[in-house]
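Everything on this sheet refers to the single structure shown next.
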Amino acid sequence: MHKLPEFFAVGPPRTATTWLHEVLTGHVNLPRIVKEPRFFDLRYSKGLAWHRRHFEPIFEGLPIGEISPTYFYSIDAIRRIAQLTPQAKILITLRDPVKRLYSLYKMKVGDGTIRMSFKDAVRRHPEMIESNRYEFYIRKWIGTFGEKQTLVIMQEELLRDAGAYLDKVCRFIGIPPFEVSDAEGRRRSNSADEPCSATVKWLSAIAVRAADSLNTNNFARTMAVVRKLGVRKLFLRDEPVRIPPLDPEFAEQMRREMRPQIESLEVLLNTDLSAWKPRSS
């Protein structure tokens with residue numbers, strides 16, 4: 008019988024989910040080839056056997072988890088996870104919505120899916136704004152899984168104290184706490200916002216498509232050979248994509264527009280989110 012994940016870290020994107028995946032690797036069972044299989048929102052029709060292959064081999068005694076930030080704003084993912092594994096724990100990682108949206112924009116410029124200014128991208132790509140509807144989707148998750156099975160944690164906590172942040176995550180998903188190294192702690196704020204290499208993003212997209220079409224175990228062996236041959240060094244020579252800094256005036260405009268949602272989220276979570284609000288009244 009296929010063992011389903013016992014916890015899901017559902018994002019949204021650009022909230023240090025990659026860092027979380029790196030530090031939890033070896034302490035829990037996570038997908039081994041493609042970090043985000045996107046089974047519950049995008050590839051559900053492939054079936055549970057396809058999903059299972061991403062986790063093999065499974066180490067007994069360690070919980071199974073999936074870190075997929077696109078699940079956050081997917082009603083289908085919420086419904087499907089609840090149907091198949093209603094006792095799952097849901098970890099939601101949040102971040103200043105303006106900074107997160109700009110980080111998402113930089114990622115999309117880096118992978119070539121967006122070729123326009125940040126201001127134009129926000130207006131012409133509604134899916135970016137959709138992932139910023141924190142209060143709406145958190146209510147969906149809590150309403151489906153309950154408060155006891157849902158943990159909302161802020162990236163600001165990670166920046167202040169990576170160890171305390173990780174301890175909270177470990178307690179929630181039910182694993183013994185462990186220390187994060189200094190190097191891992193330093194990466195907590197850098198990985199989400201460093202300039203993206205277009206080639207890195209391109210190869211990542213190829214990896215996802217290959218994993219879709221190939222047997223996962225065969226794909227794992229292929230990638231192991233590629234790593235040994237040093238092919239990565241051959242291809243990854245391009246410079247990171249350079250993007251202008253966030254325009255302060257546009258950022259302030261967005262904060263004013265988001266203020267009602269932020270204030271509703273403050274009430275829902277019973278927390279102070281003043282740092283996310285407009286800098287001036």
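Numbering (our numbering), first residue to last: 8 to 288. Glycine included, every Cβ here is placed at the ideal spot set by N, Cα and C. Remember, it's a predicted structure, so these values are computed and weren't measured experimentally.
Report task. State buried or exposed for G237, treating a residue as buried only when at least 16 other CB atoms are found within 10 Å of its CB. Result -> Reliability fails at G237, whose pLDDT of 47 lies under 50, so the model's placement of it is uncertain and no value is given.
Requested in this report: With DSSP as the reference, label K96 as helix, strand or coil.
Outcome: strand
Query raised in the report: Between which two residues does the beta strand (DSSP E) containing L158 stretch?
Result: 157-161
Query raised in the report: What first and last residue would you give for the beta strand (DSSP E) that runs through E73?
Result: 72-74
Query raised in the report: beta strand (DSSP E) containing F15: first to last residue?
Result: 14-16
Query raised in the report: Under a Cβ-count criterion, where at least 16 other Cβ atoms within 10 Å of its own Cβ denotes burial, should S281 be classed as buried or exposed?
Result: exposed
**Report entry** C-beta atoms of A16 and T24 nearer than 7 Å
**Finding:** yes
Query raised in the report: Under a Cβ-count criterion, where at least 16 other Cβ atoms within 10 Å of its own Cβ denotes burial, should P104 be classed as buried or exposed?
Result: buried
Query - Completely contained alpha helix (DSSP H) runs for the stretch 98-181, where each covers 4 or more residues - result: 104-117, 125-131, 133-137, 141-152, 162-167, 169-180
Query raised in the report: Around the Cβ of S287, are there at least 16 other Cβ atoms within 10 angstroms (buried) or fewer (exposed)?
Result: exposed
Query raised in the report: Mind checking whether E154 and L272 have CB atoms under 7 Å apart?
Result: no
Query raised in the report: In three-state terms, what does DSSP make of V274?
Result: helix
Report task. Name the two residues that bound the continuous alpha helix (DSSP H) containing W26. Result -> 24-31
Query raised in the report: What first and last residue would you give for the alpha helix (DSSP H) that runs through H58?
Result: 55-60
**Report entry** Cβ-based burial, G117 [other Cβ within 10 Å; buried from 16]
**Finding:** buried
**Report entry** Those residues which DSSP pairs with V41 across a bridge
**Finding:** V41 is not bridged to any residue.
Query raised in the report: Do you know offhand how far R178's Cα is from L275's?
Result: 22 Å
Query raised in the report: Between the stretch 21-41 and the stretch 69-84, are three or more C-beta pairs nearer than 8 Å?
Result: yes
Query - Residues that V35 bridges to, as DSSP identifies them - result: T32
Report task. Specify whether the stretch 38-56 and the stretch 137-152 touch according to this definition: at least 3 beta carbon pairs, one from each stretch, less than 8 Å apart. Result -> no
**Report entry** Cβ pair count under 8 Å reaching 3, the stretch 97-112 against the stretch 156-171
**Finding:** yes
Requested in this report: Can you grab the Cα-Cα spacing for the pair R244 / I180, in whole Å?
Outcome: Any reading at R244 must be qualified, since the residue scores a pLDDT of 41, below 50, and its modelled position is unreliable; no value is offered.
Requested in this report: Please confirm if the stretch 247-258 is in contact with the stretch 112-127, defined as three or more CB-CB distances below 8 Å between the two stretches.
Outcome: yes
**Report entry** P76, buried or exposed, once every other Cβ within 10 Å from all chains shown has been counted against 16
**Finding:** buried
Query - For F66, three-class secondary structure by DSSP - result: coil
Query raised in the report: Nearest-angstrom Cα distance between D123 and R60?
Result: According to the sequence shown, residue 123 is Met rather than Asp. Rounded to whole angstroms, M123 to R60 spans 38 Å at the Cα level.
**Report entry** Enclosing alpha helix (DSSP H) for R87 [first to last residue]
**Finding:** 82-91
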